[in-house]
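2 protein chains.
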Amino acid sequence: MNIATDTRSRIIAAAKPRFHSRSYANVGIQEICESAGVQKGSFYHFFPSKRDLVMAVIDEFADEWANGFVAEAFDPALPPMERIDYLIDAAYFWQKSIKQVHGRMLGCIFGNLTLEVSTQDDILRAKLLAIFSRAKTRFKDTLEEAVAAGTIPPLDADLTAEAMLAYLEGVILLAKSQNDPEVVYRLGPAIKTLRVETAA
Amino acid sequence: MNIATDTRSRIIAAAKPRFHSRSYANVGIQEICESAGVQKGSFYHFFPSKRDLVMAVIDEFADEWANGFVAEAFDPALPPMERIDYLIDAAYFWQKSIKQVHGRMLGCIFGNLTLEVSTQDDILRAKLLAIFSRAKTRFKDTLEEAVAAGTIPPLDADLTAEAMLAYLEGVILLAKSQNDPEVVYRLGPAIKTLRVETAA
DNA sequence: ATGCTAGTTGACCGTTCGGTAAAATGCAAG
DNA sequence: CTTGCATTTTACCGAACGGTCAACTAGCAT
Numbered sequence: 505m506n507i508a509t510d511t512r513s514r515i516i517a518a519a520k521p522r523f524h525s526r527s528y529a530n531v532g533i534q535e536i537c538e539s540a541g542v543q544k545g546s547f548y549h550f551f552p553s554k555r556d557l558v559m560a561v562i563d564e565f566a567d568e569w570a571n572g573f574v575a576e577a578f579d580p581a582l583p584p585m586e587r588i589d590y591l592i593d594a595a596y597f598w599q600k601s602i603k604q605v606h607g608r609m610l611g612c613i614f615g616n617l618t619l620e621v622s623t624q625d626d627i628l629r630a631k632l633l634a635i636f637s638r639a640k641t642r643f644k645d646t647l648e649e650a651v652a653a654g655t656i657p658p659l660d661a662d663l664t665a666e667a668m669l670a671y672l673e674g675v676i677l678l679a680k681s682q683n684d685p686e687v688v689y690r691l692g693p694a695i696k697t698l699r700v701e702t703a704a
Numbered sequence: 505m506n507i508a509t510d511t512r513s514r515i516i517a518a519a520k521p522r523f524h525s526r527s528y529a530n531v532g533i534q535e536i537c538e539s540a541g542v543q544k545g546s547f548y549h550f551f552p553s554k555r556d557l558v559m560a561v562i563d564e565f566a567d568e569w570a571n572g573f574v575a576e577a578f579d580p581a582l583p584p585m586e587r588i589d590y591l592i593d594a595a596y597f598w599q600k601s602i603k604q605v606h607g608r609m610l611g612c613i614f615g616n617l618t619l620e621v622s623t624q625d626d627i628l629r630a631k632l633l634a635i636f637s638r639a640k641t642r643f644k645d646t647l648e649e650a651v652a653a654g655t656i657p658p659l660d661a662d663l664t665a666e667a668m669l670a671y672l673e674g675v676i677l678l679a680k681s682q683n684d685p686e687v688v689y690r691l692g693p694a695i696k697t698l699r700v701e702t703a704a
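Sequence lines, in order, name chains A and B. Under our numbering, the residues of the first sequence are numbered 505 to 704, in order. Under our numbering, the residues of the second sequence are numbered 505 to 704, in order.
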């Protein structure tokens, strides 16, 4: 079970940076197996299909974020709106450090995969949608807290949260098109100007 | 020359909806040729490579937009900020009509391609970047006009324009993840709340 | 010791990939 | 009538694709 788990996680570890830095279709099982030092038959012992692998990769990225930057950013000890600043900062520094190591702005793997596969695979789309949904909830809770504390005027927390998430993804997209994480630095802070008023 | 042009444009016409509705890697030359009623050798007479085809497709989409919705939206006769409303409306109705016909929200092909290929092909990335750059200029000019007219308080028109473009792409991304153009309808109008202040 | 099972191996499946080369066709100008 | 050029056809390339299969190994419980 120990060694078995090891093989499985070696496969995921090999797949993660590849799916992130290239695309779903452009990364083959064979390449992943070679990099992980695993035979193809062994791969299909752990993963019924390529799709199942990418789902595991998505889960790992989501966990990594949820327990890393996101947990730090949405620290209840911070004043609510500062958490959003923190998140933008984290996104910026993460993209920047990846570019320093890898030479490229890789962007958000959830956004990348969404635009690539969501018209072709509803199961993957649902998976990615769930990730976005959780992210939105984080924003929403933060906004509600900020409103309750009187930090910001009342607004439609649900829609504003969704708008902020959209903006973050859009900023990362534009940054990727320029291969330049500084775009995140320049545009990110404007996320706090976004507002959807409460319905009258 | 007439028939020749016809073959070339039949190829592009076959490729356009495919690249838009699926992805770059998922659409093969063979399929495009079959759909266009063209032999593969003939394809390579007109396009040196698959990349050259997708560049032509990008150009066609860009022209289509520039001469269609975008031209209507950025009509100088409209009050500046209403142009932005118009553009959001246009994006919404376009995505909605595509979904009605095709059954799917396909999103923005420029955004789609950017996230798929921009880490793997700098020439395509540059092409897409140029498209975004032109779009940003439209926003920027509009914002400057709105500031000059006193419609909105002074702001950093360049950065705010980029932020608005990012937001639009992000909203479409999120809508695609939900396969629901109504997201564009709900979130789109908040684009006008985005602001980057002028540097002090 | 035996049998079961999780894991592994390596060969193999048919299909598709982007791209090539040479021969054939059509057409227009000299 | 012929030359030349653009276009088209057809057959083909090697490589890679996702996925399958039967045989084999190792460890553990009965």
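Note that the Cβ used here is the ideal one computed from N, Cα and C, for glycine as well.
Own chain residues within Cβ distance below 6 angstroms of residue i, not counting five before or after
i	result
Phe-614 (chain B)	Leu-632 and Ile-635
Val-651 (chain B)	Pro-658
Ala-518 (chain A)	Ile-536, Ser-539 and Ala-540
Glu-649 (chain B)	Pro-584
Asp-660 (chain B)	Val-700 and Thr-702
Phe-573 (chain A)	Ala-594
Ala-630 (chain A)	none
Lys-520 (chain A)	Val-561
Neighbourhood of residue i by C-beta distance below 8 angstroms, restricted to the same chain and skipping five residues each side
i	result
Met-609 (chain A)	Gln-599, Ile-602, Lys-603, Ala-679, Lys-680, Gln-682, Asn-683, Asp-684 and Pro-685
Leu-705 (chain B)	With chain B running from 505 to 704 in the structure shown, residue 705 (chain B) is simply not present.
Arg-587 (chain A)	Ala-577, Phe-578, Asp-579 and Thr-646
Gln-534 (chain A)	Lys-544
Thr-511 (chain B)	Ala-540, Val-542, Ser-546 and Phe-550
Ile-656 (chain B)	Met-585, Leu-647 and Ala-650
Glu-564 (chain B)	Ile-516 and Lys-520
Where residue i falls, given that 16 or more other Cβ within 10 Å makes a residue buried
i	result
Glu-568 (chain A)	exposed
Gly-692 (chain B)	buried
Ser-553 (chain B)	exposed
Met-505 (chain A)	Confidence is the limiting factor: at Met-505 (chain A) the pLDDT is only 40, short of 50, which leaves the residue's position unreliable, though a coordinate-based value still follows. Exposed: under 16 other Cβ atoms inside 10 Å.
Thr-618 (chain A)	buried
Val-605 (chain A)	exposed
Ile-592 (chain A)	buried
Arg-638 (chain A)	exposed
Asn-571 (chain B)	exposed
Ala-566 (chain B)	buried
Ile-627 (chain B)	exposed
Ala-575 (chain B)	exposed
Gly-532 (chain A)	exposed
Ala-694 (chain A)	buried
Ala-704 (chain B)	exposed
Asn-616 (chain A)	buried
Nearest-angstrom beta carbon gap, residue j and residue i [assumed within contact, 8 angstroms]
i	j	result
Ser-525 (chain A)	Thr-623 (chain B)	6 angstroms
Val-688 (chain A)	Tyr-596 (chain A)	4 angstroms
Gly-611 (chain A)	Leu-677 (chain A)	7 angstroms
Glu-620 (chain A)	Gly-674 (chain B)	Actually they are not in contact, since the Cβ atoms of Glu-620 (chain A) and Gly-674 (chain B) sit about 16 angstroms apart, beyond 8 angstroms.
Leu-557 (chain B)	Ile-515 (chain B)	7 angstroms
Ala-529 (chain A)	Ser-527 (chain B)	6 angstroms
Asp-625 (chain A)	Arg-690 (chain A)	Incorrect: roughly 34 angstroms between the Cβ atoms, too far for contact.
Own chain residues within Cβ distance below 7 angstroms of residue i, not counting five before or after
i	result
Lys-640 (chain A)	Ala-665, Glu-666 and Leu-669
Tyr-548 (chain B)	none
Ala-653 (chain B)	Pro-584
Phe-643 (chain A)	Ala-665, Met-668 and Leu-669
Leu-698 (chain A)	Thr-664, Ala-667, Met-668 and Tyr-671
Phe-523 (chain B)	Val-531, Val-558, Val-561 and Ile-613
Lys-696 (chain B)	Met-585 and Ile-588
Can you give me, in chain order, the residues of the segment 605 to 618 of chain A that have a beta carbon less than 7 angstroms from any beta carbon in chain B? Arg-608, Leu-610, Gly-611, Gly-615, Asn-616 and Thr-618
Any C-beta of chain A within less than 8 angstroms: which residues of the segment 662 to 685 of chain B qualify? Leu-663, Thr-664, Glu-666, Ala-667, Leu-669, Ala-670, Tyr-671, Leu-672, Glu-673, Gly-674, Val-675, Leu-677, Leu-678, Lys-680, Ser-681, Gln-682 and Asn-683
Output needed in chain order: residues of the segment 633 to 647 of chain B with a Cβ under 7 angstroms from some Cβ in chain A. Leu-633 and Phe-636
Give, in chain order, every residue of the segment 521 to 541 of chain B whose Cβ lies closer than 7 angstroms to some Cβ of chain A. Ser-525, Arg-526, Ser-527, Ala-529 and Asn-530
Relative to chain B, which residues along the segment 686 to 699 of chain A have a C-beta separation below 7 angstroms, given in chain order? Arg-690, Leu-691, Ala-694, Thr-697, Leu-698 and Arg-699
To be precise: take each residue of the segment 618 to 629 of chain A, compare its Cβ to all Cβ atoms of chain B, and keep it if any distance is under 7 angstroms. Which residues remain? Thr-618, Leu-619, Glu-620, Ser-622, Thr-623, Gln-624 and Arg-629
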